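> Protein sequence lines correspond, in order, to chains A and B.
Per the numbering used here, the first sequence runs over residues 1 to 124.
Per the numbering used here, the second sequence runs over residues 1 to 124.
Number of protein chains: 2
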Amino acid sequence: MVDQPAALWFSGAMSNDLDTVFAAIADPTRRSILAMLLEDDMAVTDVAEPFDMSLAAISKHLVILTKAGLISQEKRGRVKWCKLEPDAMRAASVWMQGFGQFEPVNLDAFERFLETELAPPDER
Amino acid sequence: MVDQPAALWFSGAMSNDLDTVFAAIADPTRRSILAMLLEDDMAVTDVAEPFDMSLAAISKHLVILTKAGLISQEKRGRVKWCKLEPDAMRAASVWMQGFGQFEPVNLDAFERFLETELAPPDER
DNA sequence: AGGTTGGTCAACCATTTGGTTGAATATGCG
DNA sequence: CGCATATTCAACCAAATGGTTGACCAACCT
Chain A
1 MVDQPAALWF
11 SGAMSNDLDT
21 VFAAIADPTR
31 RSILAMLLED
41 DMAVTDVAEP
51 FDMSLAAISK
61 HLVILTKAGL
71 ISQEKRGRVK
81 WCKLEPDAMR
91 AASVWMQGFG
101 QFEPVNLDAF
111 ERFLETELAP
121 PDER
Chain B
1 MVDQPAALWF
11 SGAMSNDLDT
21 VFAAIADPTR
31 RSILAMLLED
41 DMAVTDVAEP
51 FDMSLAAISK
61 HLVILTKAGL
71 ISQEKRGRVK
81 WCKLEPDAMR
91 AASVWMQGFG
101 QFEPVNLDAF
111 ERFLETELAP
121 PDER
């Protein structure tokens, strides 16, 4: 069972989701988690590994990301897999784009960005 | 300077600015303020007018937006003018774009968004 | 000078946030 | 079965957030 049914994302509930999404990505730990999941799906324990905080804390962060729709979690056996759900960022992205025409993403720059800024903390 | 930045945006100082920017726009009041300033520069009192909260509260919100670089404030005479600074959202936007190829801005969608989500509270 | 307007400051308050620990619940394994 | 592993739950805590009020300062207008 995926905790976050896809159909719900686009119905009325979408409005205040901007709150939830922006609040979720305002935290550096959670941004790092998202960056990690960009490369691959991960189990909760593996997500937690590079961070200097308890598993329970990471578990809470994952709940917040899930409620924001930014990831989904599926339990297979005793491990719960976390999967990035990039679509959830679309509405937020659209909102931001309204404030200026940002040039199309420079992938080189983005990659450097990932390295210096978004990598899990043990790499900084 | 709008076009220079790639190198600058991604180097050190930029890091915690993502925190600040995302935290700033996570608040609906502040998003409304930004939307209002999208149309025109405004004095603090005028910004506050449509909201059901004290001037001091709005003043605090404006400080937060200023610290995030999302607006600037200039005092002329006794009135302090607030001006949108859209560039501050660029790094944040780039970060988000990394999570999916969002189609180039859909203006219709954005306009609907403005109406339902970003209009000052007296219009909702 | 004296009063009004624009805005911030300071102290305070309730709620939320991000973390901790220890116990609890599943699930898998020998 | 009995134990280890994966994850969450519950209670707690300190700090940050979003708001209030009342005093305050600065600038403009007679």
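Beta carbons: idealized from backbone N, C-alpha and C, even for Gly.
All values reported here derive from a predicted model rather than from experimental measurement.
1) How do the region 73 to 86 of chain B and the region 15 to 26 of chain A stand: do at least 3 beta-carbon pairs fall below 8 Å, yes or no?
2) Note the first and the last residue of the continuous beta strand (DSSP E) segment covering Glu74 (chain B).
3) Check whether the region 45 to 59 of chain A touches the region 44 to 59 of chain B, taking contact to mean three or more Cβ pairs, one atom from each stretch, closer than 8 Å.
4) When the Cα of Met42 (chain B) is compared with those of B:Ile71, B:Lys67, B:Thr29 and B:Ala92, which residue comes out closest?
5) Report the three-state DSSP secondary structure of Glu103 (chain B) (helix, strand or coil).
6) Mind pulling the chain B residues with CB within less than 7 Å of Pro86 (chain A)?
7) Within 10 Å of its beta-carbon, does Val125 (chain A) have 16 or more other beta-carbons around it, so buried, or fewer, so exposed?
8) How close, in whole Å, do the beta carbons of Leu18 (chain B) and Ala91 (chain B) come, if the pair is a contact with beta carbons under 8 Å?
9) DSSP three-state label for Ala43 (chain A), please.
10) Answer with buried or exposed for Ser11 (chain A), where buried requires no fewer than 16 other C-beta atoms within 10 angstroms of its C-beta.
11) Apart from the five residues on each side of it in sequence, which residues of its chain come closer than 8 Å, Cβ to Cβ, to Thr45 (chain A)?
12) Show which residues of chain A have a CB atom less than 7 Å away from the CB atom of Met89 (chain B).
13) Assuming Asp87 (chain A) is part of the alpha helix (DSSP H), what are its boundary residues?
14) Suppose the cutoff is 8 Å on Cβ atoms and the five residues either side in sequence are ignored; what does the same chain contact list for His61 (chain B) look like?
15) With 7 Å set as the bound, which would you pick, yes or no: does the beta-carbon of Met1 (chain B) sit closer than that to a beta-carbon of chain A?
16) Does the beta-carbon of Ala35 (chain A) have 16 or more other beta-carbons within 10 angstroms, so that it is buried, or is it exposed?
17) Compute the Euclidean distance between the alpha carbons of Lys99 (chain A) and Gln97 (chain B), then round it to the nearest angstrom.
18) By how many angstroms is the C-alpha of Val21 (chain A) removed from the C-alpha of Val63 (chain A)?
19) Would you list the one or two residues that DSSP bridges to Val79 (chain B)?
Let me lay it out:
1) no
2) Taking the second sequence and counting its residues from 1, one reaches residue 74 (chain B) at position 74. Looking at the DSSP string, the run of the beta strand (DSSP E) that includes Glu74 (chain B) is Ile71 to Arg76.
3) no
4) Reading the second sequence from its first residue, position 42 is the one you call residue 42 (chain B). For Met42 (chain B), the nearest C-alpha among the options comes from B:Ile71.
5) By one-based count along the second sequence, residue 103 (chain B) stands at place 103. Per-residue confidence for Glu103 (chain B) stands at a pLDDT of 49, beneath the threshold of 50, marking its modelled position as unreliable; the derived number appears in the next sentence. Of the three classes helix, strand and coil, the one that applies to Glu103 (chain B) here is coil, per DSSP.
6) Counted from its first residue, the first sequence places residue 86 (chain A) at position 86. The contacting residues are Phe99 and Gly100.
7) Residue coverage of chain A in this structure runs from 1 to 124, which leaves residue 125 (chain A) outside it and unanswerable.
8) Numbered from 1 along the second sequence, position 18 holds the residue referred to as residue 18 (chain B). Numbered from 1 along the second sequence, position 91 holds the residue referred to as residue 91 (chain B). Right, their Cβ atoms sit about 7 Å apart.
9) What you label residue 43 (chain A) is simply residue 43 of the first sequence in a count that begins at 1. Note: Ala43 (chain A) maps to strand in three-state DSSP.
10) Taking the first sequence and counting its residues from 1, the one referred to as residue 11 (chain A) is at position 11. Any reading at Ser11 (chain A) is ruled out, since the residue's pLDDT is 33, under 50, leaving its predicted position unreliable.
11) Mapped onto the first sequence, residue 45 (chain A) falls at position 45. The residues are Leu55 and Val79.
12) Counted from its first residue, the second sequence places residue 89 (chain B) at position 89. Near Met89 (chain B) (Cβ distances below 7 Å), the residues of chain A are Met96, Phe99 and Gly100.
13) Numbered from 1 along the first sequence, position 87 holds the residue referred to as residue 87 (chain A). Unbroken run through Asp87 (chain A): none, as it is neither H nor E.
14) Counting from 1 along the second sequence, the entry for residue 61 (chain B) is found at position 61. Once the five neighbours on either side are set aside, the close Cβ partners of His61 (chain B) are Asp27, Thr29, Arg30 and Ile33.
15) In the second sequence, residue 1 (chain B) corresponds to position 1, counting from 1. Residue confidence is low: Met1 (chain B) scores 38 on pLDDT, short of 50, so the model does not pin down where it sits. Its coordinate-derived value is still stated next. For Met1 (chain B), the answer is no, since every Cβ of chain A falls outside 7 Å of its Cβ.
16) As a position in the first sequence, residue 35 (chain A) is number 35, starting the count at 1. Under this definition Ala35 (chain A) is a buried residue.
17) Residue mapping note: residue 99 (chain A) aligns to position 99 of the first sequence, counting from 1. Residue mapping note: residue 97 (chain B) aligns to position 97 of the second sequence, counting from 1. Note that residue 99 (chain A) corresponds to Phe in the displayed sequence, not to Lys. Distance between the alpha carbons of Phe99 (chain A) and Gln97 (chain B) is about 15 Å.
18) The residue given as residue 63 (chain A) occupies position 63 in the first sequence. The residue given as residue 21 (chain A) occupies position 21 in the first sequence. So the alpha carbons of these two residues sit roughly 12 Å apart.
19) Translated into the one-based positions of the second sequence, residue 79 (chain B) becomes position 79. In the DSSP output, where bridge partners are listed per residue, Val79 (chain B) has B:Arg76.
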